[in-house]
Amino acid sequence: MADRKIFAGASIKRLRRGAGMTQVALADALDISASYLNLIERNQRPLSARLMLLLADRFDFDPRQLVTDEPGGGLDGIRRRLADSMFDDLSIDRTELDDWLAMAPGTVEAFVRAFDDRLREQGVSELKTLDSIQLVRREIERWRNHFADLDAMAEALADELRLGTADLYGAITERLRIKHQLSVRILPETVMPNLLRRLDLHARQLQLSEMLDPASRTFQAAILLAEIEAQSEINALMAGADLPDKAAKRLYHRHLSSYFAAALIMPYDRFLRACEQTGYQIQLLQRRFGAGFEQVAHRLTTLQRVGARGLPFFMIKIDRSGIVSKRFAGASNASLVESLHRCPLWNIHRAFERPLEIQSQLVALEDGSNWFTLSRAVQGAGSGAGGFVAEFAISLGVSAELAAPLFDARGLDLSSERADLIGLGCPACARPQCSQRSAPPKSRVLQFDERERGLSPYDFVAD
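Okay, so the sequence shown: first residue is 233 according to our numbering, each after it adds one.
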């Protein structure tokens, strides 16, 4: 946010009214004039960094929320809507959008409502355009993938379970047996073909495949404990989400149960302290908490507790064809997560070439943002249909200006001049003469010169 003008009049007004304060009272508290505060609330003046910090201190909120409180989710929200094919013939750059948001937030909100209403008319609650997975993800991102009640309960339960033993898996299975009359049994792959987990209520057994590694066994047992002991907390979040169909509700329930399981294995305070002590060294965190790479990566996107925040990581998971199966922006607001396509110059794609090796990369996007990313390939459990073992690549990323404390960034020059230039996939990228380009940008008009041939097969008119 440092290089952007933040106009957040509506948010400031809500905070002030929620505290029962007049403009004069809040202006006195911020040491500014009431007329100047009036201009801020009317979006005629941007917030300064000093005022943002004073407001965050007085009202106890993350100042980055001011960006997400902008009409339609701010710049990122508007850009997602403008990616619709109906706007393909328009060339709208970031500066134009910034000006629109700053100068006419009311018309932005009107556009957002009209656009979203159109989607709802096309299908039930946007399901024709945004499927159940996207609806659930939108709800997760509304919480910034941090569910404070689940974290607090899991943390308390983790402390209780660790009182008697350091073996968390043993403690979970014992609690399931004693408190819930459920045993855990590891079965051969031939007995559970194509299954990793099965709950047999008749036999009162949680049956786990032998193909699961120790970290995954603990995680699956913790999920069952979540579904039993955190049922009321999960149900409350489900009710608040108001998802429109059964598929979305079940997906969201699965996410919340998995969230609780991860929070039980990696309790918030202990995990954050370990992150800060080790420089977020993922291999060490895996060993210390008995977790898998993907489990640790996902947990890193959730560290947004008020007063005890970790670095704002994003996470994305793709297969070899580039299809995304998991994405969490968390508090990062990273456009790399939102993009429909990925740039082949981003080394998340090269992670498959060197399995188990974490590859770092400093990248610069067209919008001027710089990111430090860590990518690694992972394998699924079991071979499944066709006898193939599933392979995925996972990338974690954090803003380059925040990456200095990372173990993997030590000794590296994180300045923008050292960053690799990448885009958000060819259709969304307008970098000229990229030799890797496989499709023209949607936002540009193609041009041809029969006398010349550049590095790229597609030449286009620049802004």
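Where is the CB? At the ideal position from N, CA and C, for every residue including glycine. Just so it is clear, the structure is predicted and the values come from calculations on it, not from any experiment.
The shortest C-alpha to C-alpha distance from Ala632 to any of Gly657, Leu594, Arg574 and Ala495 is the one to Leu594. The Cβ atoms of Leu408 and Leu438 lie closer than 8 Å to each other. Under the 8 Å Cβ criterion, the segment 496-506 counts as touching the segment 384-392, having at least three qualifying pairs. The beta carbon of Gly686 sits closer than 6 Å to those of Gln665, all from its chain and outside the five residues before and after it, given in chain order.
Cα atoms of Ser567 and Ser627: separation of roughly 14 Å, rounded to the nearest angstrom. Under the rule that a run must span 4 or more residues, the alpha helix (DSSP H) segments found entirely inside the segment 558-628 read 567-570. Using a Cβ distance threshold of 8 Å, Phe525 and Phe546 do not count as a contacting pair.
Only residues of its own chain outside the window of five on either side were considered, and among them Pro576 and Leu577 have a CB closer than 7 Å to the CB of Gln668, listed in chain order. Counting along the chain, the unbroken beta strand (DSSP E) around Asp432 starts and ends at Arg429 to Asp432. When secondary structure is reduced to three states using DSSP, Arg370 falls in the helix class.
Gly542 sits buried, since 16 or more C-beta atoms from the chains shown fall within 10 Å of its C-beta. With a contact defined as Cβ atoms closer than 8 Å, Ala540 and Leu517 miss out at about 17 Å. When only Cα atoms are considered, Ser265 and Ser243 end up about 19 Å apart.
Nearest to Phe639 by alpha-carbon distance, out of Gly511, Arg683, Asp260 and Thr533, is Gly511. Here DSSP, grouped into helix, strand and coil, assigns Ser675 to coil. Here DSSP, grouped into helix, strand and coil, assigns Phe503 to helix.
Leaving aside the five residues that flank Gly612 on each side, the residues in its chain whose CB is nearer than 8 Å to its CB run, in chain order, Val621, Ala622, Glu623 and Phe624.
Boundaries of the beta strand (DSSP E) around Ile418: Ser415 to Leu419. Distance from Ala660 to Ser571 at the Cβ level is roughly 6 Å; contact confirmed, criterion being Cβ atoms closer than 8 Å. Beyond the five residues adjoining it in sequence on each side, Arg676 comes within less than 8 Å, by CB distance, of Ser323, Ala662, Phe692, Val693 and Ala694 in the same chain, given in chain order. Here Gln276 is exposed: its Cβ has fewer than 16 other Cβ atoms, across all protein chains shown, within 10 Å. For Ile550, the enclosing beta strand (DSSP E) begins and ends at Phe546 to Ile550.
In its chain, beyond the 5 residues on either side, Phe584 and Glu623 have a beta carbon closer than 7 Å to the beta carbon of Arg552.
The residue from Pro673, Glu682 and Ser601 with its alpha-carbon nearest to that of Leu653 is Ser601. Nearest neighbour of Gly522 by Cα position, chosen from Ser592, Tyr401 and Asp477, turns out to be Tyr401. Nearest C-alpha to Ala473 among Met253, Trp375, Gly643 and Pro637: Trp375. For Phe492, DSSP records no beta bridge to any residue. Take Leu285, set aside five residues on each side of it, and no residue of its chain has a beta-carbon closer than 6 Å to its own. For a cut-off of 8 Å, the C-beta gap from Val630 to Ser564 is around 7 Å, short enough to register as a contact.
Leaving aside the five residues that flank Lys481 on each side, the residues in its chain whose CB is nearer than 6 Å to its CB run, in chain order, Leu475.
The Cβ-Cβ distance between Leu483 and Ile555 does not fall below 8 Å. In the three-state reduction of the DSSP assignment, Asp348 falls in the helix class. Rounded to whole angstroms, Arg449 and Ile514 show a C-alpha spacing of 20 Å.
The criterion of a C-beta distance shorter than 8 Å is satisfied by Arg436 and Gln413.
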